[in-house]
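J.: This is the structure I want to talk about, given as structure tokens.
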Ligand SMILES: C[S@@+](CC[C@H](N)C(=O)[O-])C[C@H]1O[C@@H](n2cnc3c(N)ncnc32)[C@H](O)[C@@H]1O
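Here is the structure:
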């Protein structure tokens, strides 16, 4: 059940930073808010810790006083649970945030009243870094991290909080797409199973024609290490990151849904020192090319005309669905529907993929290693006509 848990009436773009609430007994020390997150939601505290560490530096690449303030307000054993942040990693996390900021600012320049949907936003303070005073902002996260976010950040009338698993389609019905939509997923998709991640991408493509999505991924090798139980630099166990993707596989993301018109890489901005100088060119470096995190932007074209209502809302395959009816009449539907975990995944009717978990290539857990390399693929905005899938240029297996 989607639950809108917003709101306070405070104007969020106010430059002043809220101070922690003083305790009613008049003690001088402000009361801190207990952060009781574990598992994947706890990673929101890790990323906050790193952004705040970077933001606290005088030569920071990411000015973010609200993140620094938020760290001070949280009651959480950061050092025991997550270790001390390494400066280079703090900068890397901040550069990732800065790259997302760039995409959001670009979107808001074109759509000043548009809606930014931040999936798995955790305790990210991006809104206060990029707000233009007109944007609409929707945070989608699991109930516990969302409740914590609501307690510690001052959400205003242009912000909404939706407690919902991003893998469920229902949150899309809550989004006002009239003035343009940008979906961001910073630090989220790697925690999903590959088929869940590509299904989420497909759901966004279908729900927001003309919209944009930006997300980051870890490499296939890093994903394998986390699945093997590797520890983070702070000595804490990293939650498994089931979905990894290498740069050479990026173009195949287009096969997640026919409405995906353009797939492009978003480089990290330059930062401080050697790492900072290398950051924008990580994917050009032969040794790192296929072992570095990636940022990817997808632009969605118009919805395919033959797409019926969303897969979550339809009866079992074999029932009275539009694809089944069309098939009965001998008309090729644009999509078929197959079961995938808790929901269903929709794929092109003529896709060679038999198993929904092989969302791209027919393999269970990976995209094709032989996919063409390259950061930017313009594939045209129009989805291919029904009956011609995959389109020319996308290889069948
Ligand atoms: C690594 S944190 C990233 C937080 C924030 N985006 C950032 O960059 O600081 C992962 C976030 O994804 C959220 N999350 C994990 N699985 C989710 C799901 N299925 N649906 C919605 N949010 C999810 C977690 O609660 C957490 O807030």
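Residue numbers (the numbering used here): 8 to 404.
We put the CB at the ideal spot given by N, CA and C, even for glycine.
I need the DSSP call for residue 222, collapsed to helix, strand or coil.
T.: DSSP places residue 222 in strand when its eight states are reduced to three.
J.: Could you check the C-alpha separation between residue 151 and residue 258 for me, to the nearest Å?
T.: C-alpha separation (whole angstroms): 35 Å.
J.: Given a threshold of 16 other Cβ atoms within 10 Å of its Cβ, counted over all protein chains shown, does residue 390 qualify as buried or as exposed?
T.: With a pLDDT of 39 at residue 390, under the threshold of 50, the modelled position of this residue cannot be trusted; read the value that follows with caution. Buried, because 16 or more other Cβ atoms sit within 10 Å of the Cβ of residue 390.
J.: Determine, using beta-carbon pairs with one atom in the segment 289-307 and one in the segment 226-238, whether at least three such pairs fall under 8 Å.
T.: Segments in contact, yes.
J.: Ordered along the chain, which non-local residues of its own chain (more than five positions away) have a Cβ less than 7 Å from that of residue 41?
T.: Hits under 7 Å: 82.
J.: Which one or two residues does DSSP pair with residue 254 in a beta bridge?
T.: The partner list for residue 254 (beta bridge, DSSP) is empty, contrary to what the question assumes.
J.: Is residue 45 near ligand 1, going by C-beta to nearest heavy atom under 8 Å?
T.: Not under cutoff, so the answer is no.
J.: Nearest by alpha-carbon distance to residue 253: which of 294, 186 and 160 is it?
T.: Looking at the Cα atoms, 294 is the closest of the given residues.
J.: Could you give the DSSP three-state label for residue 269: helix, strand or coil?
T.: Three-state result, residue 269: strand.
J.: Any idea which residues DSSP pairs residue 172 with across the strands?
T.: Looking at the DSSP assignment, residue 172 forms no beta bridge with any residue, so it has no partner.
J.: Looking at the unbroken alpha helix (DSSP H) that takes in residue 285, where does it start and where does it end?
T.: That run of the alpha helix (DSSP H) goes 280-285.
J.: Is residue 166 a contact residue of ligand 1, with contact defined as CB to any heavy atom under 8 Å?
T.: The answer is no for residue 166.
J.: Between the Cα of residue 234 and the Cα atoms of 218, 220, 240 and 251, which residue gives the shortest distance?
T.: Checked all of 218, 220, 240 and 251; the closest Cα to residue 234 is 251.
J.: Return no unless some Cβ of chain C is closer than 9 Å to the Cβ of residue 130.
T.: The structure shown contains no chain C, having only a single protein chain.
J.: What number of angstroms, rounded off, separates the C-alpha of residue 379 from the C-alpha of residue 260?
T.: With a pLDDT of only 31 at residue 379, under 50, the local geometry of the prediction cannot be trusted, and no value is derived from it.
J.: Are there any heavy atoms of ligand 1 lying less than 8 Å away from the beta-carbon of residue 99, as far as the coordinates show?
T.: Residue 99: no, Cβ never under 8 Å from ligand 1.
J.: Under the criterion of a Cβ to heavy atom distance below 8 Å, does residue 249 qualify as lining ligand 1?
T.: For ligand 1, not one heavy atom lies less than 8 Å from the Cβ of residue 249.
J.: Are residue 123 and residue 102 closer than 9 Å when you measure CB to CB?
T.: Contact flag unset, no.
J.: With respect to 8 Å, is the separation between the Cβ of residue 135 and the closest non-hydrogen atom of ligand 1 below this value?
T.: No, the Cβ of residue 135 stays beyond 8 Å of every heavy atom of ligand 1.
J.: Work out the CA separation of residue 91 and residue 218 for me, nearest whole Å.
T.: Taking the straight line joining both Cα atoms gives about 39 Å.
J.: Quick one, are the C-beta atoms of residue 98 and residue 131 less than 9 Å apart?
T.: No, the Cβ-Cβ distance between residue 98 and residue 131 is not below 9 Å.
J.: Quick check: does the Cβ of residue 306 come within less than 8 Å of any heavy atom belonging to ligand 1?
T.: No.
J.: In or out: residue 192 buried (at least 16 other Cβ within 10 Å) or exposed?
T.: Classification of residue 192: buried, given that the 10 Å Cβ count is 16 or more.
J.: Alpha carbon to alpha carbon, how far is residue 185 from residue 73? Give it in angstroms, no decimals.
T.: Using only the alpha carbons, I get a separation of about 30 Å.
J.: Between the segment 157-176 and the segment 44-57, are three or more C-beta pairs nearer than 8 Å?
T.: They do not touch, by the three-pair rule.
J.: Is the beta carbon of residue 263 sitting closer than 9 Å to the one on residue 209?
T.: Yes, these two residues count as a Cβ contact at 9 Å.
J.: In angstroms, rounded to a whole number, what distance separates the CA positions of residue 182 and residue 215?
T.: Computed Cα separation, rounded: 9 Å.
J.: With a 10 Å radius around its C-beta and 16 neighbouring C-beta atoms as the bar for buried, classify residue 84 as buried or exposed.
T.: Exposed.
J.: Is there at least one non-hydrogen atom of ligand 1 closer than 8 Å to the beta-carbon of residue 177?
T.: It does not: the Cβ of residue 177 is nowhere closer than 8 Å to a heavy atom of ligand 1.
J.: Run the proximity test for residue 268: is its beta-carbon closer than 8 Å to any non-hydrogen atom belonging to ligand 1?
T.: No, since every heavy atom of ligand 1 falls outside the 8 Å radius drawn around the Cβ of residue 268.
J.: Measure the C-alpha to C-alpha separation of residue 177 and residue 230 and round it to an integer number of angstroms.
T.: The alpha-carbon atoms of residue 177 and residue 230 are separated by roughly 28 Å.
J.: Just checking my contact of residue 172 with residue 149 at CB under 8 Å: how many whole Å lie between their CB atoms?
T.: Indeed, because the Cβ distance is near 6 Å, the residues count as touching under 8 Å.
J.: With a Cβ-Cβ cutoff of 9 Å, do residue 302 and residue 221 count as a contact?
T.: In this structure, residue 221 lies closer than 9 Å to residue 302 by Cβ.
J.: Which class does residue 185 belong to by DSSP, given the choice of helix, strand or coil?
T.: In this structure, residue 185 counts as coil in the three-state DSSP scheme.
J.: Measure how close the beta-carbons of residue 286 and residue 275 come, nearest whole angstrom, since I'm counting them as under 8 Å.
T.: With a Cβ gap of about 4 Å, residue 286 and residue 275 count as contacting.
J.: Can you list, in chain order, the residues of its chain whose CB lies under 7 Å from that of residue 88, leaving out five sequence neighbours each side?
T.: Closer than 7 Å at the Cβ level, and outside the excluded window around residue 88, lie 243.
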